[in-house]
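The opening position of the sequence shown corresponds to residue 29 in the working numbering, with each subsequent residue numbered one higher. Just so it is clear, CB atoms sit at the ideal spot from N, CA and C, and this is done for glycine as well.
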Amino acid sequence: MERRRILLTKEEIDKRVKDLAREVSRKYAGEEVLVIGVLKGAWIFMADLVRAMDIEIECDFVRVASYGGRTETSGQVCLLYWPGIDFAGKKVLVVDDIVDTGLTSVFLRKRFLEEGAVSVEFCVLLDKPSRRKTDFKPDYVGFTIPDHFVVGYGMDFNERYRNLPHVEVYKE
Ligand code: IMP
Ligand code: MG
Numbered sequence: 029m030e031r032r033r034i035l036l037t038k039e040e041i042d043k044r045v046k047d048l049a050r051e052v053s054r055k056y057a058g059e060e061v062l063v064i065g066v067l068k069g070a071w072i073f074m075a076d077l078v079r080a081m082d083i084e085i086e087c088d089f090v091r092v093a094s095y096g097g098r099t100e101t102s103g104q105v106c107l108l109y110w111p112g113i114d115f116a117g118k119k120v121l122v123v124d125d126i127v128d129t130g131l132t133s134v135f136l137r138k139r140f141l142e143e144g145a146v147s148v149e150f151c152v153l154l155d156k157p158s159r160r161k162t163d164f165k166p167d168y169v170g171f172t173i174p175d176h177f178v179v180g181y182g183m184d185f186n187e188r189y190r191n192l193p194h195v196e197v198y199k200e
């Protein structure tokens, strides 16, 4: 596989994910939380995060798409999978790989609240605040990064590179 610039090593990610898990566990200690992973990008991050959390949780997933083989969002969020569960009264913790424009996150927050969730928080591995088109602010952030298109640790370009153990820059 072609070598690109590594932005975050496996070791840096592992350490930070454990910090996030501790922070989230402290916040929700003694409460029920429904962890919702945003497919497909958050799959690996979520697997590591929930295994480092020491509270009881329920897990489910939603699937959205907005990129479609490009490194720029189309601006249109398509919902591809929605779980058949009751969100009424639930505290939802959304786990996502990266917040870019914030359009996906704003769309999801609205949907969870409409479905009756009492609270919705976002835990994201990466934040690219320089690209925001909304006033969205995630509640827990692993790393804040500059405006590069990145791949690895679940994140793809055209469905490739998700299995890299680190995060690397695909396009500067
Ligand atoms: P947003 O709606 O523009 O915030 O985009 C959110 C989604 O776009 C993320 O959850 C990712 O799946 C995808 N995305 C944004 N930036 C990148 C990137 O640099 N690499 C891979 N996927 C990205
Ligand atoms: Mg995503």
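Residue environment for alanine 70: buried (at least 16 other C-beta atoms within 10 angstroms of its C-beta). In this structure, DSSP gives aspartate 124 an extended state, which the three-state scheme calls strand. Serine 133 and proline 157 have their C-alpha atoms roughly 13 Å apart.
The criterion of a C-beta distance shorter than 7 Å is not satisfied by threonine 129 and lysine 165. About 4 Å separates the Cβ atoms of glycine 182 and isoleucine 72, confirming a contact at the 8 Å cut-off. Counting of Cβ neighbours within 10 angstroms places glutamate 142 among the exposed residues, the total staying below 16. Non-local C-beta neighbours of threonine 99 in its own chain, meaning closer than 8 Å and more than five positions away in sequence, comprise Phe177, Phe185, Tyr198 and Lys199, ordered along the chain. The alpha carbon of aspartate 155 has as its nearest neighbour, out of Lys46, Glu149, Asp125 and Phe140, the alpha carbon of Asp125. Looking at Asn191, Val52 and Pro174, the one whose alpha-carbon comes closest to that of glycine 180 is Asn191. Within 10 angstroms of the beta-carbon of valine 146 lie fewer than 16 other beta-carbons, which makes it exposed.
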